[in-house]
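*Asks:* Just so you know, we're using this note's numbering here: the sequence shown kicks off at -16 and counts up by one.
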Amino acid sequence: MNLLTLDDWSSKDIGSVLDLAQVIKKDPKKYYDTLTNKTLAMLFWKTSTRTRISFESAMTQLGGHAQYLDWRTTNLALGSLKDEIKCISRYVDVIMARVYGHADIEAIAEASNVPVINGLSDMFHPCQILADLLTVKEKFNRLKGLKLAYVGDGNNVCNTLLIGCAKMGVEISVATPKGYEPNKKVVEIAKKTSKVSLFNKPEEAVKNADVVYTDTWVSMGQESDKEKRINDFKGWTVDSRMMKLTKNAYFMHCLPAHRGYEVSDEVIDSKNSIVYDQAENRLHAQKAILLKCLEIA
Ligand code: CP
Ligand code: NVA
């Protein structure tokens, strides 16, 4: 089973992976031998801290092995992607890849004989959102009926939050500056199963939110637009004034954060900030994702 967008998984699939992640987190030793002799290939076209390390540690702790492959030090770029993936999938049991265009992760899945996991594309970041849902579930002991407000750029994280929240019965309100809205098709999909509201003013989105989430204004691959983006996002920093409009909401960020830009120090360092719990949960969630994709649990 692949994990490419999160829309490729049913609510039941997501719910079972979150339950499994909680069980594994509670008793990691019980899962030490579940992936003995299994290998994960991790292909990176972009940099990473959390995704790389949590997947690598997850494989070690499940008794398997992970190979880190930087596209610059392989022949992924020299040969055709299809040929390279066909070869890689004969050596390993599962592939995780971080790519630029989403079409690349689709091409990898098409060529591969083994399950493929999207470790972030320009459109989606499903592993992140599974860890985020796990974190929210832990804090509230439920997901259904909660309200999450996303403030900032309607990017890969925002698109996947829309899908993940909608599938799990979480109301989601998104505030972006004009021109930075999330993908239209994704919004339509999310609207089918949950309450979704889009705003161009952060104050309106965060009203009554249980969780406020933000991400960078300049995603990987958008560096040449940095100056324009920083200018367009002026006034969009999630700060204490904005958090005061919520009902004592938790603050979330997938990290890396740009302090003083999308979030103030005061908010990210506040007692309501759960960013490091989110980051830790990447490890527990990756284990459940690997077991699910390999159809072991
Ligand atoms: N949140 C996240 O995916 O972090 P990295 O880019 O460091 O992997
Ligand atoms: N939106 C960010 C997420 C990083 C984890 C990016 O794509 O760079």
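Positions of the beta carbon are idealized from the N, C-alpha and C atoms, including for glycine.
(1) Thinking just about the alpha-carbon of each residue, which of Ala60, Ser37, Glu164 is nearest to the one in Ala49?
(2) Within the continuous beta strand (DSSP E) that includes Glu154, where are the two ends?
(3) Within 6 Å: the Cβ of Asp198 and any heavy atom of the ligand NVA?
(4) Specify, as a first and last residue, the run of the beta strand (DSSP E) that Asn142 falls within.
(5) Excluding the 5 residues flanking Val0 on each side, which residues of the same chain have their C-beta closer than 7 Å to its C-beta?
(6) Measuring only the C-alpha atoms, how far is Glu164 from Tyr133?
(7) In whole angstroms, give me the CA-to-CA distance for Ala192 and Ala268.
(8) Quick check: Asn96 and Ser63, are their CB atoms within less than 7 Å of each other?
(9) Tell me the residue span of the alpha helix (DSSP H) that contains Asn255.
(10) If you measure from the CB of Val140, is any heavy atom of the ligand NVA nearer than 6 Å?
(11) CA-CA distance, Val250 and Asp222?
(12) My output table needs one value for Leu131: the three-state DSSP class, helix, strand or coil.
(13) Looking only at C-alpha atoms, which of Gln44, Lys(-5), Asn255 sits nearest to Lys13?
(14) Just to confirm my understanding: we take Ala156, look at its own chain, exclude 5 residues before and 5 after, and list those with CB closer than 6 Å. What are they?
(15) Taking just the CA atoms, how far does Lys254 sit from His241?
(16) Is Thr118 near the ligand CP, going by C-beta to nearest heavy atom under 6 Å?
(17) Mind pulling the beta strand (DSSP E) runs of 3 or more residues that sit fully within the segment 33 to 90?
(18) Could you check where the alpha helix (DSSP H) with Asn214 kicks off and where it finishes?
(19) I need the DSSP call for Val201, collapsed to helix, strand or coil.
(20) Straight-line CA distance for Gly147 to Phe216?
(21) Between which two residues does the beta strand (DSSP E) holding Ser180 run?
(22) By the DSSP assignment, the beta strand (DSSP E) with Phe234 in it spans what residues?
(23) May I ask you to list the residues that DSSP assigns as paired with Tyr196?
(24) Give the secondary structure of Met25 by DSSP, where H, G and I count as helix, E and B as strand, and everything else as coil.
(25) Identify, in the order they occur along the chain, each residue of the same chain with its Cβ nearer than 7 Å to the Cβ of Asn142, setting aside the five sequence neighbours on each side.
(26) Just confirm the distance between the C-beta atoms of Asn86 and Gly102, as a whole number of angstroms; I'd bet it's less than 8 Å.
(27) Tell me, please, which residues DSSP counts as bridged to Arg242.
(28) Just the Cα atoms here: how many angstroms apart are Lys(-5) and Leu116?
(29) Would you call Gly84 buried or exposed, if buried means 16 or more other Cβ atoms sit within 10 Å of its Cβ?
*Replies:* Reading it off the structure:
(1) One-based indexing of the sequence shown puts residue 49 at position 66. That would be Ser37, whose Cα lies nearest to the Cα of Ala49.
(2) Along the sequence shown, read from residue 1 onward, the residue named residue 154 stands at position 171. 154 to 158 is the span of the beta strand (DSSP E), which, as asked, contains Glu154.
(3) In the sequence shown, counting from the first residue as 1, residue 198 sits at position 215. Yes, Cβ of Asp198 sits closer than 6 Å to a heavy atom of the ligand NVA.
(4) Here residue 142 corresponds to residue number 159 of the sequence shown, with the count starting at 1. Unbroken run through Asn142 is the alpha helix (DSSP H), 139 to 150; no beta strand (DSSP E).
(5) Taking the sequence shown and counting its residues from 1, one reaches residue 0 at position 17. Same-chain partners within the cutoff: Leu113, Ala271, Ile272, Lys275.
(6) Along the sequence shown, read from residue 1 onward, the residue named residue 164 stands at position 181. Along the sequence shown, read from residue 1 onward, the residue named residue 133 stands at position 150. C-alpha separation (whole angstroms): 11 Å.
(7) Position 209 of the sequence shown, counting from 1, holds the residue named residue 192. Position 285 of the sequence shown, counting from 1, holds the residue named residue 268. So the alpha carbons of these two residues sit roughly 24 Å apart.
(8) Indexing the sequence shown from 1 puts residue 96 at position 113. Indexing the sequence shown from 1 puts residue 63 at position 80. Going by C-beta atoms, Asn96 is not nearer than 7 Å to Ser63.
(9) Taking the sequence shown and counting its residues from 1, the one referred to as residue 255 is at position 272. Note, Asn255: premise wrong, no alpha helix (DSSP H); not H, not E.
(10) Reading the sequence shown from its first residue, position 157 is the one you call residue 140. Val140: yes, Cβ under 6 Å from the ligand NVA.
(11) As a first step, residue 250 must be located in the sequence shown, where it is residue number 267. As a first step, residue 222 must be located in the sequence shown, where it is residue number 239. Each residue's alpha carbon lies about 6 Å from the other.
(12) Taking the first residue of the sequence shown as 1, we reach residue 131 at position 148. Leu131: strand per DSSP, three-state reduction.
(13) The sequence position of residue 13 within the sequence shown is 30, counting from 1. The candidate whose alpha carbon is nearest that of Lys13 is Gln44.
(14) Numbered from 1 along the sequence shown, position 173 holds the residue referred to as residue 156. Ala is not the amino acid found at residue 156; the sequence shown has Ser there. Ala132, Ser180, Ala188, listed in sequence order.
(15) On the sequence shown, residue 241 is found 258 positions in, with the first residue counted as 1. On the sequence shown, residue 254 is found 271 positions in, with the first residue counted as 1. Cα to Cα, His241 sits roughly 19 Å from Lys254.
(16) For the purposes of this step, residue 118 is taken as the residue at position 135 of the sequence shown. For the ligand CP, not one heavy atom lies less than 6 Å from the Cβ of Thr118.
(17) 48 to 53, 77 to 81
(18) What you label residue 214 is simply residue 231 of the sequence shown in a count that begins at 1. Asn214 -> alpha helix (DSSP H) spans 209 to 215.
(19) One-based indexing of the sequence shown puts residue 201 at position 218. Val201: coil per DSSP, three-state reduction.
(20) Position 164 of the sequence shown, counted from the first residue, corresponds to residue 147. Position 233 of the sequence shown, counted from the first residue, corresponds to residue 216. Gly147 and Phe216: Cα-Cα distance of roughly 25 Å.
(21) For the purposes of this step, residue 180 is taken as the residue at position 197 of the sequence shown. Note, Ser180: beta strand (DSSP E), 179 to 182.
(22) In the sequence shown, the residue the question calls residue 234 occupies position 251. Looking at the DSSP string, the run of the beta strand (DSSP E) that includes Phe234 is 233 to 236.
(23) Counting from 1 along the sequence shown, the entry for residue 196 is found at position 213. Partner(s): Tyr133, Met235.
(24) Counted from its first residue, the sequence shown places residue 25 at position 42. In this structure, Met25 counts as strand in the three-state DSSP scheme.
(25) Counting from 1 along the sequence shown, the entry for residue 142 is found at position 159. Once the five neighbours on either side are set aside, the close Cβ partners of Asn142 are Met106, Phe107, Pro165, Asn166, Val169.
(26) Along the sequence shown, one-based indexing puts residue 86 at 103. Along the sequence shown, one-based indexing puts residue 102 at 119. Per the sequence shown, the amino acid found at residue 86 is Ala instead of Asn. The Cβ separation is near 16 Å, so there is no contact.
(27) Position 259 of the sequence shown holds residue 242. BP columns for Arg242 point to Val246.
(28) Residue numbering aside, residue -5 sits at position 12 when the sequence shown is read from its first letter. Residue numbering aside, residue 116 sits at position 133 when the sequence shown is read from its first letter. When rounded, the distance between both Cα atoms is 14 Å.
(29) The residue you call residue 84 lines up with position 101 of the sequence shown. Result: exposed.
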